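Asks: Just passing along the structure, written as structure tokens.
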Amino acid sequence: KKVVYSAIQPSGSLTIGNYLGALSNFSDLQEEYQCIYCVANMHAITVPQNPADLRKRTLDLIALYVACGIDPEKSILYIQSQVPEHTELAWVLNTITSIGQLNRMTQFKDKSKKQKEVYAGLLNYPVLMVADILLYQSAFVPVGEDQRQHIELTRDIAERFNTRYSPTFTIPDIMAPKVGAKIMGLQDPTSKMSKSDPDENGFILILDEPDVIRRKIKRAVTDSKGTIAYTDEQPGVKNLLDIYSSFKHISPEEALREFESAGYGELKEAVAEAVVEGLAPVQERFHAIRGDKEQLEAICRDGAEKASYLAQKTLRKVYRKVGLVQF
Ligand code: ATP
Ligand code: MG
3 KKVVYSAIQP
13 SGSLTIGNYL
23 GALSNFSDLQ
33 EEYQCIYCVA
43 NMHAITVPQN
53 PADLRKRTLD
63 LIALYVACGI
73 DPEKSILYIQ
83 SQVPEHTELA
93 WVLNTITSIG
103 QLNRMTQFKD
113 KSKKQKEVYA
123 GLLNYPVLMV
133 ADILLYQSAF
143 VPVGEDQRQH
153 IELTRDIAER
163 FNTRYSPTFT
173 IPDIMAPKVG
183 AKIMGLQDPT
193 SKMSKSDPDE
203 NGFILILDEP
213 DVIRRKIKRA
223 VTDSKGTIAY
233 TDEQPGVKNL
243 LDIYSSFKHI
253 SPEEALREFE
263 SAGYGELKEA
273 VAEAVVEGLA
283 PVQERFHAIR
293 GDKEQLEAIC
303 RDGAEKASYL
313 AQKTLRKVYR
323 KVGLVQF
């Protein structure tokens, strides 16, 4: 079976951007592929985190994966920091990654603007992500559009290593959904929705209560045109249509037909109901699972063991080729 790999950071509570761009697509892949899903807590610490919150959100995320249909018997589900091979491979890959290329990463530019002090970990973030993916000889990486540049970098570095030494890594491809691959912020529809946004009206959380969802969508920024169209000139309206069509499993064009003669108020109400309805079963399963700490920990231990076994196979090859002594 080909390997599918994806990771999500416990850097905040998950948004519907994370859900539509990534998480909601994961469970369907489990039959056809060997799926490996990670809670990227080593990535999360590239910006300041509160330790207690980080610990709690790490287990929240494991529970959310399960609530979204990830079956730990079929897929490997684990926490990044419990598999030390990630940072070991990242170090080796750092030695063949140019600083110039890292400086050009748009995520680095966006995130560093928001930091008082920019630490080396934020610049090196993509190299750790490259290691995550390459360790498992992944063929496909289901992520949102915002990660496309990092996947390109992964291919570059893998090819560089394969050429400099000898064929070692599988070259992965991005697997982005047709609709919902880039959900925009509700307060600023020109930048992507992010769980680390300080303005909580900008995002909807997967675990938000129905009334909170309705309120946030009601406040979503639109425009003064007053007509509904699916165009980049009306990013707020376009985003609402994207959210609606993703939750309804229809195309944006079909969604547009439903609302052609509607006003913004009517559109927003329909979007809110689609989101509330779409998230209800996930929320229910999450609350049922989250309380069972022992079971969640058992899932993590088992997942880390399986992941580590696969990761070591790749890492041993890499060390041998590079000339790092192993006894
Ligand atoms: P942070 O702001 O801390 O980076 P994030 O919301 O960007 O958080 P990540 O953990 O970086 O979340 O990304 C997890 C997954 O969610 C990735 O596959 C990413 O591409 C996807 N994703 C993130 N934001 C969006 C979005 N607005 N629309 C669609 N997919 C998204
Ligand atoms: Mg992100």
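Following full-length UniProt numbering, the numbering of the sequence shown begins with 3 at its first residue and continues without gaps.
Quick reminder that beta carbons are idealized off the backbone N, C-alpha and C, glycines included.
Given the structure is predicted, the values throughout are model-derived calculations rather than measurements.
(1) Sorted by chain position, which residues of the same chain lie with C-beta nearer than 8 Å to Phe110's C-beta, five sequence neighbours on each side aside?
(2) What does the shell around the ligand FAD hold, if a residue joins when its beta-carbon is under 7 Å from any heavy atom?
(3) Can you tell me whether DSSP reads Gln189 as helix, strand or coil?
(4) Helix or strand or just coil, what does DSSP make of Thr17?
(5) Below 6 Å, is the gap between the Cβ of Val145 and the nearest heavy atom of the ligand ATP?
(6) Let's test the definition: count the other Cβ atoms within 10 Å of the Cβ of Phe329 and tell me whether it reaches 16, buried, or not, exposed.
(7) Locate the beta strand (DSSP E) running through Leu79, then write down its first and last residues.
(8) Tell me whether the segment 179-187 and the segment 240-248 touch, counting them as touching only if at least three CB pairs, one residue from each stretch, are closer than 8 Å.
(9) Ala122: which of Asn96, Leu281 and Gly228 sits nearest, CA to CA?
(10) Do Gln36 and Val5 have their beta-carbon atoms positioned less than 7 Å apart in this structure?
(11) Does the pairing of the segment 41-51 with the segment 76-85 give three or more beta-carbon distances under 8 Å?
(12) When the Cα of Glu211 is compared with those of Phe163, Glu256, Val239 and Gly280, which residue comes out closest?
(13) I believe Ala313 touches Tyr138 by the beta-carbon criterion, under 8 Å. Please report the beta-carbon distance rounded to the nearest angstrom.
(14) Mapping the DSSP letters down to three states, classify Cys302 as helix, strand or coil.
(15) Which one of Gly267, Ala274, Glu202 and Pro191 has the shortest CA to CA distance from Thr233?
(16) According to DSSP, is Tyr321 helix, strand or coil?
(17) Of the choices Pro169, Asp148, Gly146 and Ile176, whose alpha-carbon is the least far from that of Thr156?
(18) Among Thr17, Glu260 and Ala141, whose alpha-carbon lies nearest the alpha-carbon of Phe171?
(19) Check the DSSP bridge columns for Leu207 and list the partner residues they point to.
(20) Alpha carbon to alpha carbon, how far is Gln189 from Arg318?
(21) Closest to Gln11 by C-alpha separation, out of Ile98, Gln149 and Glu286, would be which residue?
(22) Start and end of the beta strand (DSSP E) containing Val41?
(23) Determine the direct distance from the alpha carbon of Ala65 to that of Ser196, and round the result to whole angstroms.
(24) Assign Ile230 to one of three DSSP states: helix, strand, or coil.
(25) Between the C-alpha atoms of Ala160 and Ala274, what's the straight-line distance to the nearest angstrom?
(26) Hey, quick one: how far does the alpha helix (DSSP H) through Tyr127 stretch, first residue to last?
(27) Based on the DSSP secondary-structure assignment, which residues constitute the bridge partners of Tyr7?
(28) Is it the case that the Cβ atoms of Ile215 and Val277 are separated by a distance below 7 Å?
(29) Three-state secondary structure (DSSP) at Asp175?
(30) So, with DSSP's three-state summary, where would you put Val143?
Replies: Put simply:
(1) Leu104, Leu124, Leu125, Tyr127 and Pro128
(2) With respect to the ligand FAD, the structure shown offers nothing to examine, as its ligands consist of the ligand ATP and the ligand MG.
(3) Judged by DSSP in its simplified three-state form, Gln189 adopts coil rather than helix or strand.
(4) strand
(5) Look at Val145: its beta carbon is less than 6 Å from one of the heavy atoms in the ligand ATP.
(6) exposed
(7) Ile78 to Ile81
(8) yes
(9) Asn96
(10) yes
(11) Yes, the segment 41-51 is in contact with the segment 76-85.
(12) Looking at the Cα atoms, Gly280 is the closest of the given residues.
(13) 7 Å
(14) In this structure, Cys302 counts as helix in the three-state DSSP scheme.
(15) Pro191
(16) helix
(17) Ile176
(18) Ala141
(19) Thr17
(20) 48 Å
(21) Minimum Cα distance to Gln11 is reached at Gln149.
(22) Gln36 to Val41
(23) 20 Å
(24) coil
(25) Each residue's Cα considered, the two are about 43 Å apart.
(26) Ala122 to Leu137
(27) In the DSSP output, where bridge partners are listed per residue, Tyr7 has Ile38.
(28) Taking C-beta atoms as the reference points, Ile215 and Val277 count as a pair closer than 7 Å.
(29) strand
(30) Strand.
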